[in-house]
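Peer 1: Take this structure first; my questions come after.
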Amino acid sequence: MSQKVWTAVDHYIDGLLTREDDALASARKSSAAAGLPEIAVTASQGKLLYLMAKMQRAKRILEIGTLGGYSTIWMARALPSRGRLVTLESEAKHLGIARENIARAGLTKLVDQRLGPALKTLPKIAAEGGAPFDFVFIDADKENTAEYFGWALRLSRPGAAIVVDNVVREGGVADAKTKDPNVKGIRRFHAAVAREPRVSATTIQTVGSKGYDGFTLVVVSR
Ligand code: SAH
Ligand code: DHB
Ligand code: MG
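Numbering-wise (the numbering used here), the sequence shown opens with residue 487 and increments by one.
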């Protein structure tokens with residue numbers, strides 16, 4: 487069982503359950519055309535984020551790592567009309583492409599894009615003292631994932647859900663001797679979750695058109 491089969495199954499699911507509409511298809515295409523890395527979540531993963539945000543009845547969503555706004559569009563669609571999604575991105579070029587994609591999806595009013603390294607923006611968001619987030623998606627540089635988790639916890643309400651992408655890295659996460667800084671970051675994140683008494687969490691391994699990876703779901707205690 488390998489990449490060819492995983493991709494075929496994703497195509498099968500996409501044809502039935504997670505078909506992209508024009509806004510999502512153009513978001514993916516325009517990001518690729520602009521030379522952005524093709525690392526957005528897949529359609530089935532985007533739909534999972536949408537469904538989780540719905541289950542959470544999220545009114546305030548925080549995303550760390552916008553890229554071209556593909557995952558942003560999926561999650562913003564789960565919001566009620568007066569909801570808000572704040573998304574953090576360090577690359578001005580990515581933010582600009584995302585802005586166009588979010589506008590094409592008709593979601594500009596719901597989405598607040600912030601430029602800068604997330605570790606600089608997160609303290610500002612905390613200082614603004616707005617309502618806490620109901621749902622957080624962490625998907626930026628993997629080295630800082632443990633720090634992003636700390637901020638997510640601080641900025642979340644009791645009962646909030648925090649989803650973290652790319653936490654298995656082709657199984658690299660199980661290698662205690664790894665020298666890969668991304669994998670080290672993900673292992674530090676898992677250790678931080680394990681010693682945090684205010685949350686309950688699991689990590690799910692996934693395969694699909696993006697290969698073998700996984701995500702963590704963290705739920706904050708009520
Ligand atoms: N969530 C997107 C994919 C994000 S890819 C999707 O699924 O559609 C990771 C993004 O994080 C990239 O755009 C990268 O520029 C951004 N990033 C990397 N380091 C960052 C940092 N320190 N602060 C904020 N964003 C960062
Ligand atoms: C990478 C980042 C991602 O967010 C992703 O989903 C896949 C790969 C990366 O930096 O390699
Ligand atoms: Mg990712």
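We put the CB at the ideal spot given by N, CA and C, even for glycine.
#1: Using a Cβ-Cβ cutoff of less than 7 Å, which residues in the same chain neighbour Ala509 once the five nearest sequence positions on both sides are dropped?
#2: When you measure from the CB of Asn630 to every non-hydrogen atom of the ligand DHB, does any distance come out below 7 Å?
#3: Measure the CB-CB distance between Leu601 and Glu575 and report whether it falls below 8 Å.
#4: Can you give, in chain order, each stretch of the beta strand (DSSP E) that sits fully within the stretch 508-579 and has at least 3 residues?
#5: Give me whichever residues DSSP pairs with Ala687 in a beta bridge.
#6: Should Val527 be counted as a contact of the ligand MG given a C-beta to heavy atom distance under 7 Å?
#7: Within a Cβ cutoff of 8 Å, which residues of the same chain sit near Arg708, ignoring the five residues on either side of it in sequence?
#8: Relative to the ligand DHB, is the shortest distance from any of its heavy atoms to the C-beta of Gly532 smaller than 7 Å?
#9: Give the straight-line distance between the Cα atoms of Val649 and Phe701, rounded to the nearest whole angstrom.
#10: Quick one: using the 10 Å Cβ neighbour count with 16 as the cut-off for buried, is Tyr634 buried or exposed?
#11: So, under 8 Å CB-CB, Ala584 and Thr552 are touching, yes? Tell me the CB distance rounded to an integer number of Å.
#12: Which residue comes first and which comes last in the beta strand (DSSP E) that contains Leu503?
#13: Report buried or exposed for Arg563, applying the criterion of at least 16 other Cβ atoms within 10 angstroms of its Cβ.
#14: Is the CB-CB distance between Ser557 and Leu581 below 8 Å?
#15: Which residue spans inside the stretch 577-632 form an unbroken alpha helix (DSSP H) run of at least 4?
#16: In terms of residues, what are the limits of the alpha helix (DSSP H) holding Ala678?
#17: Suppose you measure from the CA of Gln531 to the CA of Lys610; what does that come to, to the nearest Å?
#18: CB Ser517 to CB Ala526, shorter than 8 Å?
#19: If I follow the unbroken beta strand (DSSP E) through Arg643, where does it start and stop?
#20: CB Asn668 to CB Glu629, shorter than 8 Å?
#21: Just to confirm before moving on: does the CB-CB distance between Arg640 and Ala612 stay below 8 Å?
#22: Per DSSP, which residues does Asp699 bridge with? Please list them.
Peer 2: So, from the data block:
#1: Ile559, Arg590, Ala591
#2: no
#3: yes
#4: 546-550, 570-575
#5: Val704
#6: yes
#7: Pro644, Gly645
#8: no
#9: 7 Å
#10: buried
#11: 5 Å
#12: Looking at the DSSP string, Leu503 is not in any beta strand (DSSP E), and its letter there is neither H nor E.
#13: buried
#14: no
#15: 578-590, 604-614
#16: 667-680
#17: 29 Å
#18: yes
#19: 642-651
#20: yes
#21: yes
#22: Thr692
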